[in-house]
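Trainee: Submitted below is the structure of interest, expressed as C-alpha cells.
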Amino acid sequence: MNLVPNDKLKNRYQIEAVLNPSPLNPTYSAIDIERNEFVVIKELKIEVIDDWKRLELFEREAQTLANLDHIGIPRLIDHFRDETETRLFLVVEKISGISLAQMLNKGWRPTEAAVIQIGRQILSLLDYLHRLNPPVVHRDIKPSNILRSADETISLVDFGAAQYLLHPEGGRTVVGTFGYMAPEQFAGKAEPASDLYSLGATMIHMLSGRSPAEMPQSGHDLQFQEYLACSRHMINWLKIMVDPRLTHRFRSAREALYALEQVAEGKTMRLPEPESLSNTAQAPSKKAMKIGVFALLGVSLLGGLLYLFAPKSPKPEAKPVQHACFGVPLLNLPAEKTAEAESFRKEFSQRFPIPLAWEKVMAPHLSSAEELNTLWRCKSSRNSADAEMFIAARQAVLDFPSKDETVVKGLYYMVFAYDAYAQRIDLERYTLDKYFYFQSSETYDKPAKEIASITTHLAQDLNKKNLYAETIERVQHLLSEREKEINDHQLQTLSRELARAYWKTGNKNKALKLIEHALKAYPEGSWKQSLLDLRKAIEGS
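Laid out in C-alpha cells, this is it:
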C-alpha cells in the first residue's frame, strides 16, 4: 500500500503529495520537518521486486548521491529502511523545475541558442562528474532526467543508473534508454563519452521535436540531419557527439564545451591539444565554496588558458585579455568618459559598494550583456555568493551606463550573485524604478524576463520582512502593465508571492482566488506545486 498525504516517516518526513503512484517504486513530495524544506522521497518495495537489479540500482543511487556535491545535482538527505525491513526509502533535495520531456510534450520548440545554453550547463556538470576520482558516468541522460527551472538553471536527476568507472560492482549491466544510449552501452560498457552521446541525442530531440528512437539509422549512425533546421556548425558538432565510434567523439566534456562555444559564435570548430584542456580543479560545490578561495582561484571551465584580469583604470585603447570562460580574448573596452557617466559612477558606487571582504577580488572587465551571460553560464555551480560574478556585473554597470541592455543584465546578475548583499532590496528597487519598461532583446524568452525575475525576488525579500503592502503594490503594477511580456513560470511565482502578501494582510479569499486564476491562466509554468502548497496552507489557516 502506498503512502498518502499527511503520512509520516521517521516522525520527520510528512507526505504532501504522490508524484508517481507506481505499485513498486512510488515517489512522493514531502516536507522535512526538521529542516523545514520540501524533499522528494523515492520508495522501493522489496517484497514485490520482480528483478533484483532494481534493488541494486536503487542502492547505487543512494551511494552515488552521497558522494556528489554540485548545485545541479539533488542533494542526498537520507536513506533508510522501514521497521518491517520490506521497504527502502531515498530522500533527496527537491529541485524546482520542469523536465525537458514535459516541456517537449507540451510543444516547446527551443531555438538553437537556447539548446546551446542548456548544452553548456550539462557539459559543465558532466565535466564535474567525469573528473571525479573515480569518474562517475550517469548512463541515462535524456530529456526526462533534465530539469529546467524558471531562471533557466539546469539540473540532472535520477542517478540510479550511474556507475563509478573504476569500480563497476556486480558486473556489466545494460542500463539506459533506447534512442539516447550509446552503442557501447548495449554491450554493458559505459565510458564518459557515453554520456556525451546521450547528451547529443537529447539536444537532437530538442532541436527536432522528435525522439532519436524514431529516426532512421545507417548501421549505428543516427540519420538526424534532415530533421534539424540549424547551423552547419551545430550539425557538425552533433555528428561528433553521436558518432557511434566511442573514440571518434570528443575526448572529454570539457573539449565538447570548448567546441560548443565556437559553434555559438558561428565559427568552424578547431579543437585544442589535449594538454591545453587539462585541469584538476573541482567544480564549486554547495558545501565547500568559500568566498575568499573561490574569488582567488576563479572558475576554469576551459582550463589551461592564461587567467588575466583587466586593470581597474581603463586604458585609452582596447587591449585583448584572455579569460578561461571565453573562447576568444576579451577586448577590455575603455569605460565611457562623458560627464553623465562620471556622475552616474560616483552615485552608484556610493549607493551599492563592493562588500568589504571582496575588495581585493579580481574580476574581468566585461562590456556587453552577452559577455555577462557567458560568465554566468560558464560556472557549473555556485552557492549564494559569487564574488567574481557580482564584481564583474557591477563593473559593467559602472563602465557602460548608457547601454541599457548591459546595465540591466549587470543589475540582474548583481541581484542573483549575492543573496546576502546588504543593499540587495535597495538594488532591486533601484532596478525596477529606473528600468521598469526595459525590454530584453534575447529572443528565446519574453521581453520582461529580467524585470519579472527581479520583481519576484524583491517580492520574496519584502515578504520575509513582512513588507506586504509594497509587495502588493509592486507585483500588481507589473502584472497590470506587462503581464503579456512575462512567461508562465514567472507569472506563477509572481502570483504566489502576491497571494502570500494578500493572505498575510488578512485577504484570505483574495489570495485563494488569485491562486486559482494563476493555475488556470498560466498552465505552462513549472511552479504549480508551490501554488498548490500555498493554497493548502491558506485553507488550513
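Numbers 1 to 541, taken from UniProt numbering, label the letters of the sequence shown in order.
Each residue gets a CB set at the ideal place from its N, CA and C atoms; glycine is no exception.
Grouping DSSP H, G and I as helix and E and B as strand, with all else coil, what is H248?
Mentor: Here residue 248 refers to the residue found at position 248 of the sequence shown. The answer is helix: DSSP assigns H248 an H, G or I state.
Trainee: Measuring only the C-alpha atoms, how far is A187 from L260?
Mentor: The residue you call residue 187 lines up with position 187 of the sequence shown. The residue you call residue 260 lines up with position 260 of the sequence shown. Going from the Cα of A187 to the Cα of L260 covers about 29 Å.
Trainee: If you reduce the DSSP assignment to three classes, tell me which class E43 lands in.
Mentor: As a first step, residue 43 must be located in the sequence shown, where it is residue number 43. Reduced to three states, the DSSP call for E43 is strand.
Trainee: If we require 4 or more residues per run, which alpha helix (DSSP H) segments fall completely within the region 42-108?
Mentor: Qualifying alpha helix (DSSP H) stretches, in chain order: 53-66 and 100-105.
Trainee: In or out: I33 buried (at least 16 other Cβ within 10 Å) or exposed?
Mentor: Sequence index remark: in the sequence shown, residue 33 carries index 33 (1-based). Exposed: under 16 other Cβ atoms inside 10 Å.
Trainee: Could you give the distance in angstroms between the alpha-carbon of A264 and the alpha-carbon of E336?
Mentor: The sequence position of residue 264 within the sequence shown is 264, counting from 1. The sequence position of residue 336 within the sequence shown is 336, counting from 1. A264 and E336: Cα-Cα distance of roughly 28 Å.
Trainee: Take the Cβ of A537 as the centre, count every other Cβ of all protein chains shown within 10 Å, and call the residue buried at 16 or more, exposed below.
Mentor: Position 537 of the sequence shown, counted from the first residue, corresponds to residue 537. By the 10 Å Cβ count, A537 comes out exposed.
Trainee: Measure the C-alpha to C-alpha separation of residue 542 and A385 and round it to an integer number of angstroms.
Mentor: The displayed coordinates of the chain run from 1 to 541. Any statement about residue 542 would go beyond what the structure contains.
Trainee: Looking at R249 and I240, is the spacing between their C-beta atoms short of 8 Å?
Mentor: Along the sequence shown, read from residue 1 onward, the residue named residue 240 stands at position 240. Along the sequence shown, read from residue 1 onward, the residue named residue 249 stands at position 249. It is a contact, given that the beta carbons lie within the stated cut-off.
Trainee: Are the beta-carbon atoms of K510 and Y468 separated by less than 8 Å?
Mentor: Within the sequence shown, residue 510 is the residue found at index 510, counting from 1. Within the sequence shown, residue 468 is the residue found at index 468, counting from 1. Contact: no.
Trainee: Answer yes or no: do R474 and L531 have a C-beta to C-beta separation smaller than 8 Å?
Mentor: If you number the sequence shown from 1, residue 474 lands on position 474. If you number the sequence shown from 1, residue 531 lands on position 531. For R474 and L531, no; Cβs fall outside 8 Å.
Trainee: Taking 8 Å as the cut-off, does the region 364-382 touch the region 338-353 (at least 3 CB pairs, one atom from each stretch)?
Mentor: In short, these stretches do not touch, since the Cβ pair count stays below three.
Trainee: S368: which of M414, S343 and G410 sits nearest, CA to CA?
Mentor: Here residue 368 refers to the residue found at position 368 of the sequence shown. Nearest option by C-alpha distance: G410.
Trainee: Compare the beta carbon distance of L65 and V92 with 8 Å and say whether it is the shorter of the two.
Mentor: Reading the sequence shown from its first residue, position 65 is the one you call residue 65. Reading the sequence shown from its first residue, position 92 is the one you call residue 92. Taking 8 Å as the Cβ cut-off, L65 and V92 qualify as a contacting pair.
Trainee: Express the C-alpha separation of P110 and S144 in angstroms, rounding to a whole number.
Mentor: Position 144 of the sequence shown, counted from the start, is the residue given in the question as residue 144. Position 110 of the sequence shown, counted from the start, is the residue given in the question as residue 110. Taking the straight line from one Cα to the other gives about 16 Å.
Trainee: Do the region 479-496 and the region 452-471 meet, that is, are 3 or more Cβ pairs less than 8 Å apart?
Mentor: The region 479-496 vs the region 452-471: in contact.
Trainee: Can you name the start and end residues of the alpha helix (DSSP H) that E16 belongs to?
Mentor: For the purposes of this step, residue 16 is taken as the residue at position 16 of the sequence shown. It is not in any alpha helix (DSSP H) - E16 instead sits in the beta strand (DSSP E) that spans Y13 to N20.
Trainee: With a cut-off of 8 Å, do at least 3 Cβ pairs link the region 60-79 to the region 222-231?
Mentor: Short answer: they don't touch.
Trainee: How is Q490 classed by DSSP in three states: helix, strand or coil?
Mentor: Here residue 490 is taken as the residue at index 490 of the sequence shown, counted from 1. Reduced to three states, the DSSP call for Q490 is helix.
Trainee: Roughly how many whole angstroms lie between the Cα atoms of F38 and N11?
Mentor: Here residue 38 is taken as the residue at index 38 of the sequence shown, counted from 1. Here residue 11 is taken as the residue at index 11 of the sequence shown, counted from 1. So the two alpha carbons sit approximately 15 Å from each other.
Trainee: Which residue's Cα is closest to the Cα of S149: L132, P134 and Q121?
Mentor: Counted from its first residue, the sequence shown places residue 149 at position 149. Of L132, P134 and Q121, the residue nearest in Cα terms is Q121.
Trainee: Mapping the DSSP letters down to three states, classify K379 as helix, strand or coil.
Mentor: Counting from 1 along the sequence shown, the entry for residue 379 is found at position 379. Three-state result, K379: coil.
Trainee: What are the residues that DSSP puts in a beta bridge with R148?
Mentor: Translated into the one-based positions of the sequence shown, residue 148 becomes position 148. Its beta-bridge partners are I98 and I154.
Trainee: Helix, strand or coil: how does DSSP classify I515 here?
Mentor: Along the sequence shown, read from residue 1 onward, the residue named residue 515 stands at position 515. In the structure shown, I515 sits in a helix (DSSP, three-state: H, G or I).
Trainee: Alpha carbon to alpha carbon, what distance is there between K42 and L55?
Mentor: For the purposes of this step, residue 55 is identified with residue 55 of the sequence shown, where counting begins at 1. For the purposes of this step, residue 42 is identified with residue 42 of the sequence shown, where counting begins at 1. If you take the alpha carbons of L55 and K42, they lie about 12 Å apart.
Trainee: Hey, out of S343, A396, V40 and F352, whose CA is closest to L333's CA?
Mentor: The sequence position of residue 333 within the sequence shown is 333, counting from 1. Here the closest residue by C-alpha is A396.
Trainee: Given a threshold of 16 other Cβ atoms within 10 Å of its Cβ, counted over all protein chains shown, does L372 qualify as buried or as exposed?
Mentor: Mapped onto the sequence shown, residue 372 falls at position 372. Buried, by the Cβ-count rule.
Trainee: If the criterion is Cβ atoms closer than 8 Å, does the pair L100 and I46 meet it?
Mentor: Within the sequence shown, numbered from 1, the residue matching residue 100 stands at position 100. Within the sequence shown, numbered from 1, the residue matching residue 46 stands at position 46. It is not a contact, given that the beta carbons lie outside the stated cut-off.
Trainee: By Cβ distance below 6 Å, which residues in the same chain neighbour P183 in space, the five residues on each side in sequence not counted?
Mentor: Walking along the sequence shown from the start, residue 183 turns up at place 183. H220 and P244, listed in sequence order.
Trainee: On the three-state DSSP scale, how would you describe F436?
Mentor: On the sequence shown, residue 436 is found 436 positions in, with the first residue counted as 1. Correct three-state label for F436: coil.
Trainee: If you draw a straight line from the alpha carbon of I472 to that of E516, how long is it in whole angstroms?
Mentor: Residue mapping note: residue 472 aligns to position 472 of the sequence shown, counting from 1. Residue mapping note: residue 516 aligns to position 516 of the sequence shown, counting from 1. One C-alpha to the other measures close to 17 Å.
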